[in-house]
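Trainee:
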Amino acid sequence: MIADIQFNNTFSSLPETFYKKVKPTPVKSPSIIILNTRLCEELNLQSEKLFTEQGTNLLSGNYIPKDASPISMAYGGHQFGHWVPQLGDGRAILLGEINNKNDTKYDFQLKGSGITPYSRNGDGRSALGPVIREYLVSESMHYLNIPSTRSLSIVETGEYVMRDRILPGGILTRIAKSHIRVGTFQYFFAKNDLVSLKILKDYTINRYYQKEIFGDKTSLNLLKLISEKQAKLIALWQSIGFIHGVMNTDNTSIIGDTIDYGPCAFMDNYDPSTCFSSIDQNKRYAYKNQPKVAQWNLAMLANSILPLIAEEMGSEAKAIKDAENIIYDFENIYKSYYYNIFRNKIGLTKKKEEDISIINELLEIMYDEKLDFTSTFRNLSLLLSKNKEINKQNINLTNTKFRDWVLKWKKRLTFEDLNIQKIITSLNKSNPSLIPRNHIIENIIEEASFNNNYEPLKTYEKFIHKPYDDKNIPIEFITPPRVINKNYKTFCGT
Ligand code: AMP
Ligand code: MG
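So the sequence shown is numbered by the working numbering: it starts at 1 and just counts up by one.
In structure tokens form, the structure reads like this:
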């Protein structure tokens, strides 16, 4: 039976300053819409057992296994630059941690499972639409090799939630190595609770950074490692045109995973100022601002753990200087990841000085010509292919600037050691053909929410684990929208 799921409770064994004990509020008539059988396998969960009545009850919060220890986690955060001392899981409940096949612990969390002590004015629930978005985008991110929280299941609750209109309710089971955020550190720092702050730092290191941190100056080391992970993450996001949309410090993971998929969306045509979120009036979280925002968020983390760094170094002045250096270094580390990833996206493995201008020139042409980000990169390999028919169909070579760029690029490729076939293979491994495009996701959500039709969701879900394999993906999922919706807006999903 399901009761065999072995829950560990390392987080809920921490002092009670870290969370509040709370049980999910049962829902009326839950049904599983999607169960992620691949993830079940990775987690040693038997999907046939989760498809039972008891399994459905578990994934909807109606049944709590006896060794689970349900809690909502405490955190604060800067939302759009404004400090909010008390946020916390307002609609999420952690049941405990389960081990995957490699014995790594993963948090098992229900999202949309009812009111918690941190709900403030919210209802603790989630509409089905945002649950579907988080499931599809987070799983896509995983298979696009971008660190991310995972999604195990989508449950329809059989109840309705009130938003700008009445919508069907949903519960997501989120699986994540960590739910600790920059805002968790800020929470204790703001309360001047240095005892909890230190416990949080030790827990973070023991659970996530044990192999990487040595010596006694662990807090400074931790800041450096988190900063590197964030730098890589942001470069990876940009490499697939991903815009997170709500990069508040409470949505910034301390292990460098993508977390919280509220108003996230993907760029179709390349435009660095793209920002979809309806509430982000000043475009704070636009595509191009993401590195600067991540750096700012890390500065907030540095500020919060400064007392620990100072204690370990025996000098506040030295702590400030070293922490500042880490924050300044972020920019170079990010840039180095960014250009290395984009080098791979144009088939380069060696480093040459001219590469940066080759990459930037392509991006400029893409911006000027309003070219689709994903398919332009994906189609680069076709320019090396002998099949002229394919060339004509997919790439517009009438643009002189683009034609000149292609010549320059091909010349640069001759300095690579790989033969053309190998470059084509490597290009196709670096440039996905399938990303969860906004118009596709919106249609799936609309059909599920308003027509009770889950077929588009189930059909699409079958393809997200092979985003580089265009041969088997239906063409409508990989082609850009015929008309770009310039007014496309996303919402936080609360
Ligand atoms: P987010 O914008 O999703 O990162 O959420 C920001 C804060 O609002 C977090 O503390 C959430 O737990 C809380 N929150 C979001 N939606 C709800 C809801 N429907 N009910 C209660 N709290 C919520
Ligand atoms: Mg959040």
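Ideal Cβ placement from N, Cα and C applies to all residues, glycine included. These numbers come from a predicted model, not from an experiment.
Does ligand 1 have even one heavy atom less than 8 Å from the beta-carbon of L167?
Mentor: Indexing the sequence shown from 1 puts residue 167 at position 167. Outside the cutoff, so no.
Trainee: Express the C-alpha separation of N145 and S253 in angstroms, rounding to a whole number.
Mentor: On the sequence shown, position 253 is the one that residue 253 refers to. On the sequence shown, position 145 is the one that residue 145 refers to. Cα to Cα, the separation comes out at about 17 Å.
Trainee: Is R509 near ligand 1, going by C-beta to nearest heavy atom under 8 Å?
Mentor: In the structure as shown, the chain starts at 1 and stops at 494, and residue 509 therefore has no counterpart that could be examined.
Trainee: Helix, strand or coil for S178 per DSSP?
Mentor: Against the sequence shown, residue 178 aligns to sequence position 178. Correct three-state label for S178: coil.
Trainee: Candidates Y367, N428, T258 and A74: which alpha carbon is nearest L383's?
Mentor: Start at 1 with the first residue of the sequence shown, and residue 383 comes out as number 383. The option with the nearest alpha carbon to L383 is N428.
Trainee: How about N62 and V22: do their beta carbons lie closer than 9 Å?
Mentor: As a working mapping, residue 62 is identified with position 62 in the sequence shown. As a working mapping, residue 22 is identified with position 22 in the sequence shown. Cβ distance not < 9 Å, so N62 and V22 don't count as in contact.
Trainee: What is the chain-ordered set of residues for which the beta carbon lies under 6 Å from any non-hydrogen atom of ligand 2?
Mentor: Going along the chain, the residues that qualify are D250, N251 and D260.
Trainee: How close, in whole Å, do the beta carbons of T25 and G124 come, if the pair is a contact with beta carbons under 8 Å?
Mentor: The residue labelled residue 25 in the question sits at position 25 within the sequence shown. The residue labelled residue 124 in the question sits at position 124 within the sequence shown. Yes, T25 and G124 are in contact; Cβ-Cβ is about 7 Å, under 8 Å.
Trainee: Quick check: E455 and E446, are their CB atoms within less than 9 Å of each other?
Mentor: Here residue 455 refers to the residue found at position 455 when the sequence shown is read from its first residue. Here residue 446 refers to the residue found at position 446 when the sequence shown is read from its first residue. Contact: no.
Trainee: Leaving aside the five residues before and after K288 along the sequence, list all residues of the same chain whose C-beta is less than 7 Å from its C-beta, in chain order.
Mentor: Here residue 288 is taken as the residue at index 288 of the sequence shown, counted from 1. Same-chain partners within the cutoff: P272 and S273.
Trainee: Counting only the same chain and skipping the five closest in sequence on each side, list residues whose C-beta sits under 6 Å from that of I359.
Mentor: Mapped onto the sequence shown, residue 359 falls at position 359. Cβ neighbours of I359 beyond the five flanking positions: F342.
Trainee: Which residue's Cα is closest to the Cα of L236: T218, I213, F266 and S196?
Mentor: Translated into positions along the sequence shown, residue 236 becomes position 236. The candidate whose alpha carbon is nearest that of L236 is F266.
Trainee: In the segment 232-318, which residue ranges form an unbroken alpha helix (DSSP H) of at least 4 residues, counting only runs that do not cross its ends?
Mentor: Counting whole runs of 4 or more residues, the segment 232-318 contains the alpha helix (DSSP H) stretches 290-313.
Trainee: Tell me S151's beta-bridge partners as DSSP assigns them.
Mentor: As a first step, residue 151 must be located in the sequence shown, where it is residue number 151. DSSP lists R174 as partners of S151.
Trainee: Given a cut-off of 9 Å on the beta-carbon distance, is the pair E42 and K101 in contact?
Mentor: As a first step, residue 42 must be located in the sequence shown, where it is residue number 42. As a first step, residue 101 must be located in the sequence shown, where it is residue number 101. Their beta carbons are under 9 Å apart, which means E42 touches K101 by this criterion.
Trainee: Going straight from the alpha carbon of I255 to that of I326, what length do you get?
Mentor: As a position in the sequence shown, residue 255 is number 255, starting the count at 1. As a position in the sequence shown, residue 326 is number 326, starting the count at 1. One C-alpha to the other measures close to 16 Å.
Trainee: Could you give the DSSP three-state label for H78: helix, strand or coil?
Mentor: For this step, residue 78 is matched to residue 78 along the sequence shown. H78 falls in the strand class under three-state DSSP.
Trainee: Does the segment 419-437 come close enough to the segment 370-381 to have 3 or more Cβ pairs within less than 8 Å?
Mentor: Yes, the segment 419-437 touches the segment 370-381.
Trainee: For Y338, which residues in the same chain have their Cβ closer than 7 Å to its Cβ, ignoring the five residues on either side in sequence?
Mentor: In the sequence shown, the residue the question calls residue 338 occupies position 338. Excluding positions up to five away in sequence, the list reads A235 and Q238.
Trainee: Could you spell out where the beta strand (DSSP E) holding N99 opens and where it closes?
Mentor: Locating residue 99 in the sequence shown gives position 99, counting from the first residue. Counting along the chain, the beta strand (DSSP E) containing N99 begins and ends at A92 to N99.
Trainee: Take every Cβ of the segment 293-305, pair it with every Cβ of the segment 211-224, and state whether three or more of those distances are shorter than 8 Å.
Mentor: At 8 Å Cβ cutoff, the stretches touch.
Trainee: Since A74 and Y19 are thought to touch, with beta carbons under 8 Å apart, how far apart are those beta carbons, to the nearest angstrom?
Mentor: Here residue 74 refers to the residue found at position 74 of the sequence shown. Here residue 19 refers to the residue found at position 19 of the sequence shown. Contact flag correct, Cβ pair sits at about 6 Å.
Trainee: Excluding five sequence neighbours on each side, which residues of the same chain lie with their C-beta closer than 7 Å to the C-beta of S47?
Mentor: Along the sequence shown, one-based indexing puts residue 47 at 47. Contacts found: L35, T37 and C40.
Trainee: Between F108 and L94, what straight-line distance do the alpha-carbon atoms span, to the nearest angstrom?
Mentor: For this step, residue 108 is matched to residue 108 along the sequence shown. For this step, residue 94 is matched to residue 94 along the sequence shown. For F108 and L94, the distance between alpha carbons rounds to 6 Å.
Trainee: Flag this pair as yes or no: are the beta carbons of K105 and N44 separated by less than 9 Å?
Mentor: Locating residue 105 in the sequence shown gives position 105, counting from the first residue. Locating residue 44 in the sequence shown gives position 44, counting from the first residue. No.
Trainee: Verify the contact flag: G87, CB atom, against every heavy atom of ligand 1, threshold strictly below 8 Å.
Mentor: Numbered from 1 along the sequence shown, position 87 holds the residue referred to as residue 87. Reading off the sequence shown, one finds Leu at residue 87, where the question assumed Gly. Correct: L87 has its Cβ closer than 8 Å to ligand 1.
Trainee: Does the separation of the CB atoms of F80 and D250 fall below 9 Å?
Mentor: As a first step, residue 80 must be located in the sequence shown, where it is residue number 80. As a first step, residue 250 must be located in the sequence shown, where it is residue number 250. Taking 9 Å as the Cβ cut-off, F80 and D250 do not qualify as a contacting pair.
Trainee: Just the C-alpha distance for Y203 and Y187, rounded to the nearest angstrom, thanks.
Mentor: Numbered from its first residue, the sequence shown carries residue 203 at position 203. Numbered from its first residue, the sequence shown carries residue 187 at position 187. Each residue's Cα considered, the two are about 15 Å apart.
Trainee: If I follow the unbroken beta strand (DSSP E) through F463, where does it start and stop?
Mentor: Here residue 463 corresponds to residue number 463 of the sequence shown, with the count starting at 1. Counting along the chain, F463 falls outside any beta strand (DSSP E), and DSSP gives it neither H nor E.
Trainee: Less than 9 Å between the beta carbons of I423 and L413, yes or no?
Mentor: The residue labelled residue 423 in the question sits at position 423 within the sequence shown. The residue labelled residue 413 in the question sits at position 413 within the sequence shown. Contact: yes.
Trainee: Have a look at the DSSP bridge pairing and note the partners of P168.
Mentor: Residue mapping note: residue 168 aligns to position 168 of the sequence shown, counting from 1. Looking at the DSSP assignment, P168 forms a beta bridge with Y160.
Trainee: I need the DSSP call for L87, collapsed to helix, strand or coil.
Mentor: For the purposes of this step, residue 87 is identified with residue 87 of the sequence shown, where counting begins at 1. Here L87 sits in coil by DSSP.
Trainee: If you count every other CB in all the chains shown that lies within 10 Å of the CB of V483, and 16 or more means buried, which is it?
Mentor: Translated into the one-based positions of the sequence shown, residue 483 becomes position 483. Classification for V483: exposed.
Trainee: Pull up the CB-CB distance for G262 and G241, whole angstroms please, since I reckon it's below 8 Å.
Mentor: Stepping through the sequence shown from its first residue, residue 262 is reached at position 262. Stepping through the sequence shown from its first residue, residue 241 is reached at position 241. That pair is no contact at about 18 Å.
Trainee: Can you name the start and end residues of the beta strand (DSSP E) that I33 belongs to?
Mentor: If you number the sequence shown from 1, residue 33 lands on position 33. Segment S31 to L35, the beta strand (DSSP E) holding I33.
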